[in-house]
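All remarks here apply to the structure that follows.
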Amino acid sequence: MHRNDSTLTSPSATALATLGEFGLIARIASGVCSGEGVVTGIGDDAAVTTLSPGMQLLTSTDMLLEGVHFRRSWHDPYRLGRKSLAVSISDVAAMGGIPRWALLSLAIPPDSNLDFVDEFMRGFLAMAAEHGVTLIGGDTCSSRSGLTVSVTIMGEQLPERIIRRSGALPDNDIWVTGTLGDAALGLRLAEGHPGRSSDPRNSGVEEVGFLLNRLLDPTPRVSAALALAEAGVITAMIDISDGILADFGHIAEQSGVGGRITLADLPLSATFLSHTAHLSAVPYQLVLSGGEDYELCFTAQASSREKIVDCMKKCGIAVTRIGIVTRSPGVTAVTCDGSHYTAQTEGFNHFT
Ligand SMILES: [Mg+2]
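For the sequence shown, this note's numbering begins at -19 and goes up steadily by one.
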């Protein structure tokens, strides 16, 4: 696998201790460029930013805890830095927002290696640069039990382009971008579960790399979300972090509707299919409830189909119609013969 960061704690950790909190902040700040709307960035008591004319502010926050959301034995610091910001960017994108500014707080075990922090920041700032996000502040402190990463993101958008979970209507189509289940299968591989064929032709390093990368370095679908928001053709949207069943469930609940998802229409990658080909049936529970896809799920009227396909084609993002919004509540997944599929779990819930 990738770099093993048991190196987080090592004798060279003294470099971080010597640097101290203010030294670390200065080191982080030195890698940050100024960005759009930033009047005062890192270094004062608070950051000062200006919204673009007519736009509203979108704010979201996320925590990543070692042992809960990531393990250092799987997650190299560079991709952990990227993912820490990517999941927040994905939330702003899911509202149709333009991601702009981020705050980053780190609770770091005192014996940590400075290289780990440097690599984490290199990944975080690379993700920020890819999406025009500027780091404008945060906090650092010492942790007694593992690494904790907290990211607050702010974005902006014109009020009429902001897309909520609450707008889905009966008979709307349900759509998703990309493919589903890759990250969940990647997690099985990282955990060492037998989720792939024992046939060596199906276990190429490149293919495993694809699945792990979907887990460790997700791509927030910002350009697709912004194109959809601008086109004004969709009624509700969410990003898929806990599995399509659970996340579409949030749309359904907040819109006062239900949904029927057709299993055969769920978009699966060729890699997912080849790694599960030895199983007696497609492991749909990974696709429906595995989570961490960070794709978009949205709803739209049937009359908007052509516009949506066109719009996504221009972004170079695959899009698939997977079901229909129903008047009656509850979200079901149906097989080809119309019978209900019962998934093992409804997504990753932190409190179960
Ligand atoms: Mg979300």
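Backbone N, C-alpha and C define an ideal beta-carbon position, used for all residues, glycine too.
Bear in mind that the values here come from a model prediction, so they are computed numbers and not experimental data.
When Cβ pairs closer than 8 Å are counted between the two stretches, the segment 146 to 163 is seen not to touch the segment 100 to 107, the count staying below three. Straight across, the Cα-Cα distance linking R240 with L268 is about 12 Å. Excluding the 5 residues flanking it on each side, A106 has no same chain C-beta neighbour closer than 6 Å. Taking C-alpha positions only, P79 is separated from G189 by approximately 28 Å.
Approximately 5 Å separates the beta-carbon atoms of A66 and P200; this is inside 8 Å, confirming the contact. Counting other Cβ atoms within 10 Å of its Cβ, G77 reaches 16 or more and is therefore classed as buried. Partner residues in a beta bridge of F100, as assigned by DSSP, do not exist. For I220, no beta strand (DSSP E) segment is defined, and its DSSP state is neither H nor E. Q137: member of the beta strand (DSSP E) spanning T128 to Q137, first to last residue. Under the Cβ criterion (8 Å, minimum of three pairs), the segment 250 to 257 does not count as touching the segment 196 to 212.
In the three-state reduction of the DSSP assignment, T300 falls in the strand class. In the DSSP assignment, V311 falls within the unbroken beta strand (DSSP E) covering G310 to V314. W81 sits away from F278, with the two beta carbons spaced by 8 Å or more.
Beta-bridge partners of L115 (DSSP): A82.
Beta-bridge partners assigned by DSSP to A280: D153 and I214.
Following the DSSP letters along the chain, one finds I241 inside the beta strand (DSSP E) bounded by residues G238 to T242. At a threshold of 7 Å, S123 does not count as near ligand 1, since its beta carbon sits no closer than that to any of the ligand's heavy atoms.
In the structure shown, H255 adopts helical secondary structure according to DSSP, grouped into three states. Under the DSSP assignment, M43 falls in the beta strand (DSSP E) whose first and last residues are Q36 to L45. By the Cβ-count criterion, C291 is buried, with 16 or more other Cβ atoms from all chains shown falling within 10 Å of its own Cβ.
By the rule of a C-beta closer than 7 Å to any heavy atom of ligand 1, the residues picked out are S70, D71, A74, I218, D219 and S221.
Restricting attention to H49, A74 and I8, the CA atom closest to the CA of T39 is found in A74.
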